[in-house]
Structure formats: C-alpha cells, structure tokens
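Under the numbering used here, the first residue of the sequence shown is numbered 416, with each subsequent residue one higher. Heads up, the thing below is written out as structure tokens.
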Amino acid sequence: MLVDAIERVVISAEDVARRVRELGEQISKDYRDGAKKDPKKRPLLVVGILKGAMPFMADLMRAIDILMEYDFMAVSSYGNGTSPGEVRILKDLDCAIGRRDVLIVEDIVDTGHTLQHILAGLSARGPASLRVCTLLDKPHRREVDVRVDYVGFVLPENLFVVGYGLDYAELYRNLPFVGVLKPEFVRER
Ligand code: 5GP
C-alpha cells in the first residue's frame, strides 16, 4: 500500500481538513469586509499554483463562502543548488487581473524564490490586491523576503514532506495526509 512508504505522518487528513475550514472562514471574512466597503468590486480571483496546490485549492475553495472565481498557473523551479531561484512559467493565467483582488494558493513556501517570482510577475499587472495563502510554510529556510498572508501549518523542523499535493519525483501527491518518506523510498539525488 502507498502508506507503507511513509515513516511518519506529520499532519493528519483530519488536521488538514480542520485547518482548511478555518482558513476558508478567515479568507471569506476578510474579503467580505472588503466587498462591503466597495459593492462594485469584482469577485475574488483565487489562483492555484500547479501542480502541488491542486488538492489544497480544491478543498479551500469549497470552504470559501463568498463569490469567487479560480484560475491556475504552473511554474517549475530549478532550485537544485546550482541555480537557486530560477523559475519558469509553464502555464500563465487565462484571465486579466488588473484591478482585481487576487489570492495565490501555494502548497509550500520554502526558500521563497518561487513565490517571489510569481508575486513580481502578477503585481506588475496591477491587481487591486495580491495576497498569498500557503498550506505549509518553512520560514527558517527563507532566502528571500516574501509576505505570506495565510498559513496552514508551519513545519517545525527542516523536513521534506510528501502528500496532499506535495510530491517526491512526481509521486505521493495523492496521499490524503502530509508525511515523511521512509529513507529506503528516497533515491540518492
Ligand atoms: P521555494 O524554495 O521556491 O519556496 O519552493 C519551491 C518548491 O519546492 C515548492 O513549490 C515545492 O514544490 C518544493 N518544496 C519545498 N519544500 C518541499 C517539501 O518539503 N516537500 C516537497 N514535496 N516539495 C517541497
């Protein structure tokens, strides 16, 4: 079974679900307050960053109780030590974001390079606001200063985790929880 590859569950499916509900409530409240001040405002645009954010995005948007649209971007990062911070956009947004409230949804913020690149690109398009929601945060690993507005969980140690969208060599994204692989399932890289 797939879970046999897991050494330790770091965040259970139940804890993920509870935190996603809380984040959805907080986001709904924050943007509902903004909409009250300006009733002509267009609905929130939630932007999921593929591939990792897909399960989180799918659950989070159903916990958001205001009018919203969603779109996706796909990026690849080559942060393998030789060229940290090199980020390429594989799929851009389908829609324009000028004067719109935009919420980026990420699976994990680690060094911050990926997010910094996305933020720079999107803020140049003139959104009304640009915020970030990430399921996981590794603040002690940060190499660039990026603002994250909503955080699901701060990872306590310097762990490499898989599951709930996060992969190892494209695998294990479909685990319903976040966990650490057994060493024998991790190839030398
Ligand atoms: P950055 O270092 O640019 O903040 O993050 C780049 C990417 O590294 C993330 O989007 C994610 O795909 C990957 N990453 C960082 N930490 C982990 C981790 O613990 N597990 C997995 N599966 N991917 C990670």
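From the three backbone atoms N, C-alpha and C, an ideal C-beta is built for every residue, glycine too.
Here DSSP, grouped into helix, strand and coil, assigns residue 440 to helix.
Every alpha helix (DSSP H) of 4 residues or more that sits fully in the segment 424-473 is shown, in chain order, as 428-452. Counting only runs that start and end inside the segment 514-578, the alpha helix (DSSP H) elements of at least 4 residues fall at 528-538. The beta carbon of residue 422 is closer than 8 Å to those of 594, 595, 596, 597, 598 in its chain, skipping five residues each way along the sequence.
With 16 or more other Cβ atoms inside 10 Å of its own Cβ, residue 528 counts as buried.
Residue 483 and residue 457 have their alpha carbons spaced roughly 9 Å apart.
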